[in-house]
Amino acid sequence: MKLVLRLFAAVLVCATAAPRLHADAYDAKPKLVVIMVWDQFRGDYLDRYRADFKAPNGWNLFLKKGAHFTDCYYDYANLITAAGHSTIGTGAYTSGHGIPGNGWFEPLGNGKFREVSSVDDYRYRIVGEAPGVATSPGVSPHKELATTLGDELVLASGGRSRVYGVSLKDRAAVLTSGHATKAAFWTDHDNGRWLTSTYWMPQLPAWAEKINETAVADARKQAGIPEGSFYEKVGRTAAGVAYQLNFAKALIANEHLGNNPDGVTDMITISISSTDINGHQVGPDDPSQKKLIVDSDALLNDFFNFLDKQVGLKNVLIGLSGDHGVGLTAKSAEAMGMPALNIQQKTFLAALEQKLDKRFPKKAKGKYVLGLNVPFIQLNQEQFEQAGVSEEQAENAAREELMKVFAEETPANPATPFETRQPEPAIATHIYTVSEMREGRLPNTQYGRLIAHSYSPYIGWGIHVNYGAYQFPGNLPATHFTGNSYDRHVPLDLYGAAIVPGTYHGVVAPVDIAATFASLLRINRPSAAVGNVLTQAIKPEAAGSTWVKEAPVTSKKR
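In the numbering used here, the protein residues as written are 116 to 673.
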């Protein structure tokens, strides 16, 4: 009898001490979701500088305690900030969310066009500018043609979940977070003040106004840069990283994110612009870019420790990625033997215009080539139609004439000795027309798929151009936008109670974050999402999961 009692007691202890079906099972949904995007952050950075990361909860929160995916590649060929942030937020590519780049030419009729940004919205105005600063057009996510993960979280909770977006860049704050957000915040590039738009609110919250009164001067002092553009000068430093993370901390604390009174999940998207601002000027291999990433380790450690105290890291689900990678500077690549080239943008566009004008004499004043919004060259539909030229004729002609321009750009000099290194010619590896993209007349190849995913109705008539490795138009020392792998390679890292720590090899994509988090949150995927659920990094769910204890949904206004 005593033996039976002892056995019963042992079974009871085991049952109460280990109620889960699996030792690593999780049993509760997060109180807060954090989507963190690092701008112009190539996928090899974290492994390259791993030995320099000393903080336990900085980059090591992902490398040692989270799921670290080494082979994350975008599956499209327009690697631009606005498109990348929209892709992460919506879990879709440009063919789904519509955002082809940071801006494009928009027809106004009567032969007139204006260049618009991906988030311009003239129905609203900017909120938070300093007295005396001219009011600029407002901002909203209305050009984003798909819902985001944040939108679906708000919809699933009947409006009770709170979602916010933060970045130095308006497009990064707005497009990642979405339509149904409480607010998106970004900065005035000249003076560093935090701004929003009347799309969300008529005035800044008191806590944000207080930050604007003191934080700009503090950041300038920390960076040792008292004057000049806040974005260009301070934004590229560790002080700029701290400025963004400190604002995010103030938002989380003052809006009580992660402590929702209705018991539902909240969300914040944070995009760190600093690595992009600095990277464009120096390239990915410059010591200052490494220093910025390594110095950010302690800043992330401070931020994640703040989350631990505020919400509890066990209650937070975090996804980290980059909006695009970057290539070497043409100078660096050429020095190592690559056929690199800075293509003179104005020269080749003027030459293309001249050739098209010769081929199709104009019937009215104006240009055939509206301009370059990489990777697209936009064409003037109205001008071609007046000359009796169809879209297919115009786009095919633009492709043919551009190839001639590139062939003429750097002709070989027969007078130079054979031992002398010749200048490399401009190379277009692929050129596809917008009509081919729209109608799916593309090759059944990997690159054909990349191009198909890059289609946007906002471009109108035009061509998509992919340049040779480490070749690009413009004057920036380093840039991004091509379908080449160095532009598509970004990190993908996850942390949370539901995540199995480890390093994972095998190709994944940034669109997988929205799909995976939607699955974990038990909500619909964003409307155009195409990603896969990263089941290899998800723990099995406990039998006694608290998912079923959700409060009843009641509709509330945003």
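Positions of the beta carbon are idealized from the N, C-alpha and C atoms, including for glycine.
message: Measuring only the C-alpha atoms, how far is ILE326 from LEU194?
response: 33 Å
task: Give me the Cβ distance between LEU591 and HIS395, rounded to the nearest whole Å; I'm assuming they're in contact under 8 Å.
output: 5 Å
task: Count the CB pairs spanning the segment 575–582 and the segment 488–500 that are closer than 8 Å, and state whether there are at least three.
output: yes
- prompt: PRO246: which of ASP303, SER255 and SER505 sits nearest, CA to CA?
  reply: ASP303
field: Other residues of its chain near VAL231: CB distance less than 7 Å, five sequence neighbours each side excluded
entry: GLY218, TRP219 and GLU221
- request: If I'm right that PRO588 touches VAL520 with Cβ under 8 Å, what's the distance once you round it to whole angstroms?
  value: That pair is no contact at about 11 Å.
Three-state secondary structure (DSSP) of ASN374: coil
- request: Can you give me the Cβ contacts of TRP301 inside the same chain, cut-off strictly under 7 Å, excluding the 5 residues immediately before and after it?
  value: SER282, LEU283, LYS284, ASP285, ALA288 and LEU310
message: Rounded to whole angstroms, what is the Cα-Cα separation between ALA365 and THR384?
response: Answer to the nearest angstrom: the Cα atoms are 14 Å apart.
Beta-carbon proximity list for MET151, same chain, < 6 Å, skipping 5 on both sides: ILE385 and LEU435
- request: Assign TRP322 to one of two classes, buried (16 or more other C-beta atoms within 10 Å of its C-beta) or exposed (fewer than that).
  value: exposed
query: Over what stretch of residues does the alpha helix (DSSP H) that includes LEU410 continue unbroken?
result: For the sequence presented, residue 410 should be read as Asp rather than Leu. Its alpha helix (DSSP H) spans residues 402–425.
Inter-residue CB distance, ALA445 and ALA455 (contact presumed, cutoff 8 Å): 4 Å
- request: Can you tell me the Cβ-Cβ gap for TYR314 and GLY253, rounded? I've got them flagged as a contact below 8 Å.
  value: 6 Å
- prompt: In whole angstroms, what separates the C-alpha of ASN495 from that of GLN469?
  reply: 14 Å
- request: Round the Cβ separation of VAL431 and GLY373 to the nearest angstrom and send it over; I've been treating them as touching at under 8 Å.
  value: Contact flag correct, Cβ pair sits at about 7 Å.
- request: Quick one: grab the DSSP three-state call for THR462.
  value: In the three-state DSSP reduction, THR462 falls in the helix class (H, G or I).
- prompt: DSSP on GLU230, reduced to helix/strand/coil?
  reply: strand
field: Extent of the continuous alpha helix (DSSP H) to which TYR562 belongs
entry: Where TYR562 is concerned, the enclosing alpha helix (DSSP H) stretches over 561–567.
- prompt: Is it right to say VAL580 is buried, meaning 16 or more other beta carbons lie within 10 angstroms of its own, or is it exposed?
  reply: buried
- request: Using the Cα positions of VAL622 and ASN225, report the straight-line distance between them to the nearest angstrom.
  value: 48 Å
- prompt: So who's on the other strand from ASP236, going by DSSP bridges?
  reply: GLY253
- request: Measure how close the beta-carbons of ASP186 and LEU565 come, nearest whole angstrom, since I'm counting them as under 8 Å.
  value: The Cβ separation is near 16 Å, so there is no contact.
task: Return the first residue and the last residue of the alpha helix (DSSP H) that TYR358 is part of.
output: 353–369
field: Proximity to GLY158 [Cα-Cα], best of ILE214, GLU506, ILE340 and HIS604
entry: Selected option, being the one with the closest Cα: HIS604.
query: In chain order, what residues of the same chain lie with their CB nearer than 6 Å to the CB of ALA644, ignoring the 5 residues before and after it?
result: GLY206, ALA207, ALA629 and ALA630
- request: Give every residue of the same chain whose Cβ lies closer than 6 Å to the Cβ of THR263, excluding the five residues on either side of it in the sequence, and list them in chain order.
  value: GLY204, THR205, GLY293 and PRO641
query: Enumerated in chain order, which unbroken segments of the beta strand (DSSP E) with a length of 3 residues or greater are wholly contained in the segment 176–200?
result: 182–188
- prompt: Would you call the segment 173–181 and the segment 403–420 in contact, with 3 or more CB pairs under 8 Å?
  reply: yes
task: Return helix, strand or coil for THR291, following the three-state DSSP convention.
output: If DSSP states are grouped into helix, strand and coil, THR291 belongs with the helices.
task: Compute the Euclidean distance between the alpha carbons of LYS297 and SER272, then round it to the nearest angstrom.
output: Distance between the alpha carbons of LYS297 and SER272 is about 14 Å.
query: Smallest Cα separation from ALA513: which of GLU539, SER550 and ALA479?
result: Per the Cα distances, SER550.
task: Could you check the C-alpha separation between SER388 and TRP153 for me, to the nearest Å?
output: Rounded to the nearest angstrom, the two C-alpha atoms are 7 Å apart.
- request: Give me the Cα-Cα distance between ILE74 and LYS473, rounded to the nearest whole angstrom.
  value: Past the edges of the chain, shown from 116 to 673, lies residue 74, and the structure says nothing about it.
field: Nonlocal neighbours in the same chain, by C-beta distance under 6 Å from GLY170, ignoring five residues either side
entry: Residue identity differs from the one stated: residue 170 is Ala in this sequence, not Gly. These residues qualify, in order along the chain: ASP412, ALA413 and ASN416.
query: Would you call THR250 buried or exposed, if buried means 16 or more other Cβ atoms sit within 10 Å of its Cβ?
result: exposed
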